[in-house]
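Per the working numbering, numbering of the sequence shown is gapless, rising by one per residue and ending at 1204.
Heads up, the beta-carbon is just placed ideally off N, CA and C, and yes, glycines get one too.
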Amino acid sequence: MSGIEAEGVLGRGGEAANNKAKASEGDGGEPRSLEGPDPKDTISYSAVRVIGNGSFGVVFQATVGETGETVAIKKVLQDKRFKNRELQIMRTLEHTNVVQLKHCFYSSGEKPDEVYLNLVLEYIPETVYRVSRHHSRLKKHLPMIFTKLYMYQLIRALMYIHSLGICHRDVKPQNLLLNPPTQVLKLCDFGSAKVLVRDEPNISYICSRYYRAPELIFGATDYTAAIDIWSAGCVMAELMLGKPLFPGESFVDQLVQIIKVVGTPSKEEIESMNRNCTEFKSPQIKAQPWSKVFSSRQSPEAVDLVKNLLQYNPKKRLTPVASLAHPFFDELRDPATRLPDGKPLPPLFDLSEEEFKFCGDLASEILPKDVFEKLSAKYGVYKSDS
């Protein structure tokens, strides 16, 4: 696909890609063409290669003609009757650990009425999935420092989006982008994401199978953002094991795989997942001790965190804030900790005022002492003695 011009393949976008304010205008996030009338503002894109595809559409690696910048462009068929939820959500997001929407534009399809929405995103070359598979193929375990880094950044991203009422609904290693030189992780693909509103039903057939929370399998439509926490627990277990913890071969088998490890849910647990589910017949299987699920080389702190993320009762799963404060991440809070190549850790503690206040009393446990005092003074929450 090298050298194919975006004109016709991706279309042409107007307004400067780095002019975020202009590109984000519109009433209530309504998707609109960003095509500018002034030719000098027009941006052209050359598609380099396809880097992803699925039922949603296709993702290209592309080059900005005017600047040479590498970007990713997600091209999806747009139903003119509806607003695009992914675009609406992405326009509200700005975080270290969430992929950045740079720009968007519309292009025509081959059929007369076909219109495609093109989301221009920052390009990040690697994924946690590929890194994990690479280690598995070499029959090596991912060094624990990387599991800590990836999980901390994922949970921080979840804390951020959940604080905005947004549930991702498709957390999995393939949707965790990674910049290898810096080890910065970014959550991507908000195609399934939704602002969850109390008493508004949601579809239960959502989320990739291996990472699907049990309340979804039980058909719940009033679930919460805790489904993302279950998925995060599955991701962490996979990083520790080198393979998926619950590799279900079908919708029903997914629950079988969960029960084989976590045991048969109690009547109370089933009710906590879906209060309308009164009939559930299953052999009474005892939970495996987590120490047997993982090898003895895994730290008790790591096993404890996974166990508390993978609770049947959604309300008993650790919140993102409580997860970040977990002792498993203490090594990251140590100023002496470095990457295996000697480089410093990526930004982990650059909390915005909103994030800092959302952490509440646990901020002092989430942050290194000096950072906590600095941010407390900066945001007027706490006065340092110095």
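Counted as a single uninterrupted DSSP element, the stretch harbouring Leu895 is not any alpha helix (DSSP H) but the beta strand (DSSP E) occupying residues Thr888 to Leu895. Comparing C-alpha distances from Tyr968 to each of Ala890, Lys1133, Ser1010 and Leu1163 shows the shortest one belongs to Leu1163.
Here the C-alpha atom of Lys1125 lies approximately 24 Å from the C-alpha atom of Asn915. Secondary structure of Lys1192 (DSSP, three-state): helix.
The residues Gly1066 and Gln1072, in chain order, have a CB closer than 6 Å to that of Arg1027 in the same chain once the five nearest residues on each side in sequence are set aside. Ile1047 and Pro930 have their C-alpha atoms some 43 Å from each other. Considered as a whole, the region 1048–1078 harbours no complete run of any beta strand (DSSP E) with no fewer than 3 residues.
Taking a C-beta distance under 7 Å as the contact criterion, Leu960 and Leu1057 qualify as a contact pair.
Counting other Cβ atoms within 10 Å of its Cβ, Asn1092 reaches 16 or more and is therefore classed as buried. Here the region 947–957 makes no contact with the region 1010–1027; the two share fewer than three CB pairs at distances below 8 Å. Tyr1197 sits away from Glu1172, with the two beta carbons spaced by 7 Å or more.
For Ala1140 and Val866, the gap between their C-alpha atoms comes out near 42 Å. Inclusion of Ala1143 and Leu1193 in the CB contact set at 7 Å is not warranted, their separation being larger than that value. The C-beta separation of Lys957 from Glu1149 comes to about 25 Å, leaving the pair out of contact by the 8 Å criterion.
Nearest in C-alpha terms to Asn902, of all of Glu912, Tyr934, Thr888 and Ala880, is Tyr934. Between the C-alpha atoms of Lys1104 and Glu912 there is a straight-line separation of about 44 Å.
Listed as beta-bridge partners of Ala1011 by DSSP are no residues whatsoever. The region 1109–1120 makes no contact with the region 1128–1138; the number of CB pairs closer than 8 Å stays below 3. Apart from sequence neighbours up to five positions away, the residues of its chain that approach Leu1123 with a beta-carbon distance below 6 Å are His1144 and Phe1146, ordered along the chain. Phe1176 and Tyr978 have their C-alpha atoms spaced approximately 9 Å apart. The alpha-carbon separation between Lys1161 and Thr1155 amounts to approximately 9 Å. In this structure Asn936 is buried. Its beta-carbon is surrounded by 16 or more other beta-carbon atoms within 10 angstroms.
Asp1007 is the residue among Gly1060, Arg1030 and Asp1007 whose C-alpha sits nearest the C-alpha of Ser873.
The criterion of a C-beta distance shorter than 7 Å is not satisfied by Tyr1029 and Lys1004.
Residue state for Asn1126 is assigned as helix, using DSSP reduced to three classes. Residue Gln896 holds the alpha-carbon nearest to the alpha-carbon of Ser926 among Val946, Ile984, Leu919 and Gln896. As DSSP reads the structure, Tyr863 sits in a beta bridge with Val882. Judged by DSSP secondary structure, Phe923 falls within the beta strand (DSSP E) whose first and last residues are Leu919 to Ser926.
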